[in-house]
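Down below is the structure, laid out as structure tokens.
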Amino acid sequence: LLLGQRKLFQAALLTENLAPKKTPDAQELTVKIWWLPPDEVCTSALCDDAIVDRLERELSVLTNPDLRNHPNLVNLIGYCCEDQGSHYGVVYDVRSKDSLLNLIEKDDFTWTQRMQAVLGVARVIEHLHERN
1 LLLGQRKLFQ AALLTENLAP KKTPDAQELT VKIWWLPPDE VCTSALCDDA IVDRLERELS
61 VLTNPDLRNH PNLVNLIGYC CEDQGSHYGV VYDVRSKDSL LNLIEKDDFT WTQRMQAVLG
121 VARVIEHLHE RN
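Counting from 1, one number per residue, gives the positions in the sequence shown under the UniProt record's numbering.
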């Protein structure tokens with residue numbers, strides 16, 4: 001459970017120049033930004049701690065050397081915290097990968113592809129159990 005809200009953005013990391021056009025050197029990325037909603041419930045330290053804990057758990061998995069290059073996990077590019085801890089951002093390398101939510105919503109996501117996605121998740125879980 002993640003308290004707060006999040007948005008996903010598609011971006012491109014340009015390695016050669018900063019031209020806005022798509023170049024062969026552009027790397028497709030996903031940027032996930034979490035922020036605390038401005039209501040009284042989530043202005044408490046408890047809500048902030050929950051988001052920080054979630055982010056720390058996610059980062060510990062994605063920075064684990066045994067999982068860093070697993071074919072069924074996205075690669076972590078970087079992360080940051082801004083505005084006195086009310087905004088958190090994580091940048092992923094998503095070349096050739098898509099989120100399960102995006103795949104499920106597509107009309108052409110077949111049952112065979114769904115089973116392949118389930119097997120991919122199972123392989124990551126198996127890998128985690130073998131390493132711990």
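For glycine and all other residues, C-beta sits at the position ideal for the given N, C-alpha and C.
Legend entry - Coarse secondary structure for D108, derived from DSSP in three states: Looking up residue 108 in the sequence shown gives position 108. In the structure shown, D108 sits in coil (DSSP, three-state: anything other than H, G, I, E or B).
Legend entry - Chain-order list of residues whose beta-carbon lies under 8 angstroms from that of A117 (same chain, five-residue window excluded): Numbered from its first residue, the sequence shown carries residue 117 at position 117. Closer than 8 angstroms at Cβ, skipping near neighbours: L100, L103.
Legend entry - CB contact below 8 angstroms: I125 versus chain D: In summary, chain D is missing from the structure at hand, where a single protein chain is found.
Inset, instruction - With DSSP collapsed to three states, give me the class of L73. - result: Within the sequence shown, numbered from 1, the residue matching residue 73 stands at position 73. L73 falls in the coil class under three-state DSSP.
Inset, instruction - Use the C-beta contact count for V121: other C-beta atoms within 10 angstroms, 16 or more gives buried, fewer gives exposed. - result: Residue mapping note: residue 121 aligns to position 121 of the sequence shown, counting from 1. Around the C-beta of V121, fewer than 16 other C-beta atoms lie within 10 Å, and the residue is accordingly described as exposed.
Inset, instruction - Rounded to whole angstroms, what's the CA-CA distance from Y92 to E56? Just pull it up for me. - result: In the sequence shown, the residue the question calls residue 92 occupies position 92. In the sequence shown, the residue the question calls residue 56 occupies position 56. If you take the alpha carbons of Y92 and E56, they lie about 15 angstroms apart.
Inset, instruction - State the Cα-Cα distance for the pair D107 and L119, rounded to the nearest angstrom. - result: On the sequence shown, position 107 is the one that residue 107 refers to. On the sequence shown, position 119 is the one that residue 119 refers to. C-alpha separation (whole angstroms): 20 angstroms.
Inset, instruction - Please say whether L59 and V124 have beta carbons closer to each other than 8 angstroms? - result: Taking the sequence shown and counting its residues from 1, one reaches residue 124 at position 124. Taking the sequence shown and counting its residues from 1, one reaches residue 59 at position 59. At least 8 angstroms separates the beta-carbon of V124 from that of L59.
Inset, instruction - Starting from the C-beta of F109, find all residues in its chain whose C-beta is less than 8 angstroms away, skip the five residues before and the five after it, and write them out in chain order. - result: Along the sequence shown, read from residue 1 onward, the residue named residue 109 stands at position 109. Cβ within range, chain order: L103.
Inset, instruction - Would you kindly work out how many angstroms separate the C-alpha atoms of R114 and L128, rounded to a whole number? - result: Working through the sequence shown from its first residue, we reach residue 114 at position 114. Working through the sequence shown from its first residue, we reach residue 128 at position 128. If I take the Cα positions, the gap works out to 21 angstroms.
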